[in-house]
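Report on the structure given below.
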Amino acid sequence: MKCSSLIVLILLLNSCSSQNSMDYDQLLNGLSNNYVFIKKEMGATNFYEYYKIDRNREAKDSLVYRNAVFDFYEAPVGIVAFLLTFENETTTYVNWIHTKNPFSSRIEALDLLTKSQSALVLIDNYLANRKDTILVPAYFNKLNYQAIENFYNENKSKDKDVMRANYLEFLDKDILE
């Protein structure tokens, strides 16, 4: 009886863990809808033709993006641990932060963010609690996984608001000095 209860408990915990990862993946997919912000730069005709969408789909994707940003900042602190798992994913480019205008020949560093770099930007935005937007901070090149992971491990048992306040102090002391 104890053995079967233990197996059920393990399956439930595994299910919960998988569910959190799945929710985080869905949230990141929602952030990829930031492409809606390049319509003005592309021009409406090019935008709708390139993405093969209409105004209704654009409105829907805009809402998905806004909800993903809101959900991102409201997520439990476990999202930081999830994002830390992308540290070594340096060969895949993602558009969680920014979508490049496909008609522009100009390429900037922001256009080439890897999954690893994008996760670091998201961790910083989450901990700095930027709220309504996701931006690459001016100090991005000073951020590193080891320092962030150490910070997270020291603060993961704290309340989200306390962790965020501690992160701002950490930035001032260890990153921006």
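The opening position of the sequence shown corresponds to residue 15 in the numbering used here, with each subsequent residue numbered one higher.
Ideal placement from N, C-alpha and C gives every residue a C-beta, glycine not left out.
Just so we're clear, the structure is a prediction, and the values are computed from it rather than from any experiment.
* Asked: Do the segment 126–135 and the segment 149–162 touch if we need at least three Cβ pairs shorter than 8 Å?
  -> Yes, the segment 126–135 is in contact with the segment 149–162.
* Asked: In whole angstroms, what separates the C-alpha of serine 46 from that of leucine 190?
  -> By 1-based counting over the sequence shown, the position of residue 46 is 32. By 1-based counting over the sequence shown, the position of residue 190 is 176. CA-CA distance, serine 46 to leucine 190, rounds to 29 Å.
* Asked: What is the DSSP secondary structure of threonine 128, reduced to helix, strand or coil?
  -> On the sequence shown, position 114 is the one that residue 128 refers to. Strand.
* Cα-Cα, which of Phe86, Leu126 and Val94 is closest to threonine 104? -> Residue numbering aside, residue 104 sits at position 90 when the sequence shown is read from its first letter. Leu126 is the residue among Phe86, Leu126 and Val94 whose C-alpha sits nearest the C-alpha of threonine 104.
* **C-beta atoms of isoleucine 93 and tyrosine 181 nearer than 9 Å** => The count along the sequence shown starts at 1 and reaches residue 93 at position 79. The count along the sequence shown starts at 1 and reaches residue 181 at position 167. Cβ atoms of isoleucine 93 and tyrosine 181: not closer than 9 Å.
* Asked: What's the gap between the Cα of arginine 144 and the Cα of lysine 114?
  -> Here residue 144 refers to the residue found at position 130 of the sequence shown. Here residue 114 refers to the residue found at position 100 of the sequence shown. In this structure, the alpha-carbon of arginine 144 lies about 22 Å from that of lysine 114.
* Whose C-alpha, out of Phe100, Asn43 and Ile162, is nearest the C-alpha of leucine 77? -> One-based indexing of the sequence shown puts residue 77 at position 63. Check the Cα spacing between leucine 77 and each of Phe100, Asn43 and Ile162: the tightest is with Asn43.
* Going by C-alpha distance, which of Asp175, Ser119, Tyr49 and Val108 is nearest lysine 66? -> Looking up residue 66 in the sequence shown gives position 52. For the residues Asp175, Ser119, Tyr49 and Val108, the minimum Cα distance to lysine 66 belongs to Tyr49.
* For tyrosine 107, write down the residues that DSSP places opposite it in a beta bridge. => In the sequence shown, counting from the first residue as 1, residue 107 sits at position 93. Looking at the DSSP assignment, tyrosine 107 forms a beta bridge with Thr128.
* Asked: Under the three-state reduction of DSSP, which class applies to aspartate 85: helix, strand or coil?
  -> Working through the sequence shown from its first residue, we reach residue 85 at position 71. DSSP places aspartate 85 within a helical segment (H, G or I) once states are collapsed to three.
* Asked: Assuming alanine 161 contacts aspartate 188 under a Cβ cut-off of 8 Å, what Cβ separation, rounded to an integer in Å, is found between them?
  -> As a position in the sequence shown, residue 161 is number 147, starting the count at 1. As a position in the sequence shown, residue 188 is number 174, starting the count at 1. Confirmed, Cβ separation roughly 6 Å.
* For asparagine 169, does the count of other Cβ atoms within 10 angstroms reach 16, so buried, or fall short, so exposed? -> Your numbering for residue 169 matches position 155 in the sequence shown. It is buried - the Cβ of asparagine 169 has at least 16 other Cβ atoms within 10 Å.
* To do: Assign valine 78 to one of three DSSP states: helix, strand, or coil.
  => Position 64 of the sequence shown, counted from the first residue, corresponds to residue 78. If DSSP states are grouped into helix, strand and coil, valine 78 belongs with the helices.
* Would a C-beta distance cut-off of 9 Å place serine 118 and glutamate 72 closer than the cut-off? -> Locating residue 118 in the sequence shown gives position 104, where the first residue counts as 1. Locating residue 72 in the sequence shown gives position 58, where the first residue counts as 1. A distance of 9 Å or more separates the beta carbons of serine 118 and glutamate 72.
* To do: Would you mind giving the Cβ-Cβ distance between leucine 124 and aspartate 138, rounded to the nearest angstrom? I have them listed as a contact below 8 Å.
  => Position 110 of the sequence shown holds residue 124. Position 124 of the sequence shown holds residue 138. Approximately 15 Å separates the beta-carbon atoms of leucine 124 and aspartate 138; this is outside 8 Å, ruling out the contact.
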